[in-house]
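J.:
Residue numbers (my numbering), protein chains in the order written: chain A, 1 to 166; chain B, 167 to 269.
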């Protein structure tokens with residue numbers, strides 16, 4: 001593995017750790033953006049240019065902004081006095097460590113059956129467009145419907161209620 | 167190290183970090199951040215398996231990852247809308263304080 005991979009992996013993991021460890025919620029959102037950027041660079045390194053740029057557009061461009069908006073709208077920027085971790089944080093930590101141990105054990109001990117192809121796949125955006133409009137047209141339409149429903153649903157849920165109009 | 171193994175290990179670590187965040191933080195927005203990290207780790211797995219799998223020209227893993235990104239965006243929008251709505255009702259985003267289903 002190249003040095004670049006280790007640098008980007010370290011950046012992504014540190015960003016993710018900072019996103020869940022920092023006390024200030026706004027700093028958490030910024031660290032989350034760093035983790036998203038690291039993942040996008042990893043996608044680019046894996047020759048998945050379309051997914052990498054979609055990751056940048058959707059996550060850094062939309063989801064991170066949405067998270068910052070939600071933090072500022074709910075006035076969460078200041079640190080709460082009674083700590084940022086929930087009462088049963090230790091159980092959560094143990095569960096997460098156990099999940100990582102099982103996943104890591106499974107990955108490390110299955111190297112003999114994992115495929116190891118190194119030829120770079122020649123995939124252009126034209127191929128992706130053809131696949132989206134051909135074989136995957138039904139999932140595309142379903143995702144379009146889902147996004148419309150989510151858009152309307154999010155607006156209705158977050159819409160300001162009139163007093164006494166329940 | 168097999169490159170696929172390295173990518174899968176990074177994805178597993180990121181998933182565990184996201185799970186730890188979702189389970190230990192008390193702010194609902196931070197829990198959503200943890201869920202986003204978990205979804206991204208799954209996307210990294212999909213892309214890595216697509217890249218090092220036997221038939222990358224079939225685009226299966228890439229398509230799965232793209233649709234997964236779209237669904238995650240919808241999930242984030244609805245989840246943050248719910249958090250804002252709950253905050254308007256009860257003036258808190260503390261999950262330990264959210265113990266009623268009645269508004």
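Just so you know, even glycine gets a beta-carbon here, dropped at the ideal spot from N, CA and C.
1) I need the DSSP call for residue 176(A), collapsed to helix, strand or coil.
2) Just tell me which of 176(B), 233(B) and 169(B) has its CA closest to the CA of residue 144(A).
3) Figure out for me which residue from 24(A), 85(A), 41(A) and 18(A) has the closest Cα to the Cα of residue 32(A).
4) On a Cα-Cα basis, can you pick out the residue from 214(B), 221(B), 206(B) and 194(B) that is closest to residue 172(B)?
5) Below 8 Å between beta carbons is the criterion; list the residues of the stretch 235-261 of chain B that meet it against any residue of chain A, in chain order.
6) Which stretch, first to last residue, makes up the alpha helix (DSSP H) that contains residue 253(B)?
7) Beta-carbon of residue 97(A) versus every beta-carbon of chain B: anything under 9 Å?
8) Kindly list the residues whose CB is nearer than 8 Å to the CB of residue 20(A), restricted to its own chain and excluding five residues on each side of it in sequence; keep chain order.
9) Where does residue 324(B) sit, in a helix, a strand or coil, going by DSSP?
10) Going by DSSP, which residues form a beta bridge with residue 191(B)?
11) DSSP has residue 47(A) in a bridge; who is on the other side?
T.: Reading it off the structure:
1) No answer is possible for residue 176(A): the residues shown for chain A start at 1 and end at 166.
2) 233(B)
3) 18(A)
4) 214(B)
5) 235, 236, 237, 238, 239, 240, 241, 242, 243, 244, 246, 247, 248, 249, 250, 251, 253, 254, 259, 260 and 261
6) 226-256
7) yes
8) 28
9) The question about residue 324(B) has no answer here: the residues shown for chain B are numbered 167 through 269.
10) 85(A)
11) DSSP, once it has assigned bridges, lists no residue as partnering residue 47(A).
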